[in-house]
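Engineer: When you line the sequence shown up against the numbering used here, it's residues 1 to 307, in that order.
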Amino acid sequence: MRRVFWIGMSALLALAIASGGLYARADTFPALIDLPNAWLPEGVVTGRGPVIYSGSRANGAIYAADLRTGEGSIIVQGTPGRVAVGLSFDQRSNYIFVAGGATGSGYVYDADTGATVATYQFTTSATTFVNDVIVTRDAAYFTDSRQAQLYRVPIGPGGEVSNTFETIPLSGDFQLVAGNNANGIEATPNGDTLIVVNSALGVLYNVDPETGVATLIDLGGASVSNGDGILLQGTTLYVVRNRLNQIAVIELSPDLLSGEVVDVITNPNFDIPTTVAAFGSRLYAVNARFGTPNTPETTYNIVQVSR
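Here it is in structure tokens:
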């Protein structure tokens, strides 16, 4: 009986660790995680275990922090001319995928070594802003906020990245207007459906990843203007509304074609959050502090909130 008991407890312990359940119950996790001064963050993503990554718009560097202690270090050194905006993480390979903003590029880094795995020059147009990225089981999809298109990088079964990419035009209900358009991007677990927010129009699209055909998601008249990074957990979609200092919580229908805003998350520590990552029952939003003069002493941080 004792042996059976401990086998059962070991199985439950392994399941809890794998799901992040034990970490999620740790009340000692810091409410704020400091980033290096003058970091200029915009994207964050969680990795394997209690670790969060933040990219720098200043030079494309990547910082890793321990969610339990708040301590961290730079794991990808900055490179002149590089930019890190939206981030995504592939559990299979331990690779970090990075959107390169106005450079028109995308990057892939090894989170273990900090080495550059791949670089993609999606476009050389002066009218581009590669804003965000999501990894699915067979591809990584990057948004371009200034052009009506996505960029698709094929990924192999073990997480191997291709050295090629394809451009997928956005069509259907998608509209390109002045300002930032396609911004945050998410995907269903099977990768069959993408969700994209249009920041300027304040709307969400259900997008076919093969064709780029976008269908407007009916929010019952609600707006997600200033929508930036998004996070899909089951049928719950979190939309960061940067300059409004809030995260809209949207419950989507099973077909992901309609939804209702059911909650709004705010926090006194929000200072223009741009995107959000999840670990256990916690959300972590990064403060970009747009409009704040960036000096060598300017501080930046990541804010923990409950979901």
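Note that beta-carbon positions come from the ideal geometry of N, C-alpha and C, so glycine has one too.
A quick note: this is a predicted structure, and the numbers were derived from the prediction, not measured.
Going by DSSP, name the residue or residues bridged to T211.
Structural biologist: Note: T211 sits in no beta bridge, so no partner.
Engineer: Would N131 pass as a contact of A84 if the rule is Cβ separation under 8 Å?
Structural biologist: No, the pair does not count as a contact, with Cβ atoms beyond the cut-off.
Engineer: Restricting to Cα atoms, I'd like to know which of T193, Y53, P41 is closest to D255.
Structural biologist: The candidate whose alpha carbon is nearest that of D255 is T193.
Engineer: Determine the DSSP secondary structure at R243, reduced to helix, strand or coil.
Structural biologist: Of the three classes helix, strand and coil, the one that applies to R243 here is helix, per DSSP.
Engineer: Residue range of the beta strand (DSSP E) that F29 falls in?
Structural biologist: That residue, F29, is in no beta strand (DSSP E); it is neither H nor E in DSSP.
Engineer: Sorted by chain position, which residues of the same chain lie with C-beta nearer than 6 Å to F290's C-beta, five sequence neighbours on each side aside?
Structural biologist: For F290, where only same-chain residues beyond five positions count, the Cβ hits under 6 Å are I272.
Engineer: Considering only residues of the same chain and omitting the five flanking positions on each side of F165, which have a CB-CB separation below 7 Å?
Structural biologist: Cβ within range, chain order: Y120, F122, Y151, R152, V153.
Engineer: Measuring alpha carbon to alpha carbon, tell me which of V224, T299, L32 ends up nearest V264.
Structural biologist: Among V224, T299, L32, the Cα nearest to that of V264 belongs to V224.
Engineer: With distances taken from CA atoms, which of T143, F270, V286, I302 is nearest G104?
Structural biologist: If we check each option's Cα against that of G104, T143 comes out closest.
Engineer: With burial defined as no fewer than 16 other Cβ atoms inside 10 Å of the residue's Cβ, what is the status of I7: buried or exposed?
Structural biologist: Here the model assigns I7 a pLDDT of 33, short of 50, so the residue's position is not dependable, and the following value carries that caveat. Burial call: exposed.
Engineer: How is P268 classed by DSSP in three states: helix, strand or coil?
Structural biologist: Reduced to three states, the DSSP call for P268 is coil.
Engineer: Are S88 and V117 close, meaning C-beta to C-beta below 8 Å?
Structural biologist: Against a cut-off of 8 Å, the Cβ pair of V117 and S88 comes out as no contact.
Engineer: By Cβ distance, which residues of its chain are closer than 6 Å to R282, with the 5 residues on each side in sequence left out?
Structural biologist: Excluding residues within five positions, the ones whose Cβ falls inside 6 Å are Q304.
Engineer: Smallest Cα separation from G55: which of F29, R82, R48?
Structural biologist: When each option's Cα is compared against that of G55, the closest is R82.
Engineer: Between F174 and the rest of its own chain, which residues show a CB-CB distance below 7 Å, the 5 nearest in sequence each way excluded?
Structural biologist: Excluding sequence neighbours, F174 sits near A148, Y205, A214.
Engineer: Could you check which residue in T211, P169, I230 has the C-alpha nearest to that of S199?
Structural biologist: Taking only the C-alpha atoms, the option nearest S199 is I230.
Engineer: Which value, in whole angstroms, describes the spacing of the CA atoms of R92 and G70?
Structural biologist: Computed Cα separation, rounded: 25 Å.
Engineer: Can you have a look at T295 and say buried or exposed, based on whether 16 or more other CB atoms are within 10 angstroms of its CB?
Structural biologist: Burial call: exposed.
Engineer: Per the DSSP calculation, I250 is bridged to which residue(s)?
Structural biologist: L237, V261.
Engineer: With G212 and P169 assumed to form a contact (beta carbons below 8 Å), what rounded beta-carbon distance in angstroms separates them?
Structural biologist: So it is a contact: roughly 5 Å between Cβ atoms.
Engineer: Nearest to N226 by CA position, among P189, Q246, L219, is which residue?
Structural biologist: Closest option to N226, Cα to Cα, is Q246.
Engineer: So the beta strand (DSSP E) P169 belongs to, where does it begin and stop?
Structural biologist: First-last of the beta strand (DSSP E) with P169: 166-169.
Engineer: Do T235 and E260 count as a contact pair if the criterion is CB distance below 8 Å?
Structural biologist: Contact: no.
Engineer: Comparing alpha-carbon positions, which option in P189, N180, T128 lies nearest D138?
Structural biologist: The option with the nearest alpha carbon to D138 is P189.
Engineer: Relative to the alpha-carbon of R243, which residue among G202, R68, G220 has its alpha-carbon at the smallest distance?
Structural biologist: Selected option, being the one with the closest Cα: G202.
Engineer: D228: buried (16+ other C-beta within 10 angstroms of its C-beta) or exposed?
Structural biologist: Its Cβ being crowded by 16 or more others within 10 Å, D228 is buried.
Engineer: Tell me whether D90 is buried or exposed, calling it buried when 16 or more other Cβ atoms sit within 10 Å of its Cβ.
Structural biologist: With 16 or more other Cβ atoms within 10 Å, it is buried.
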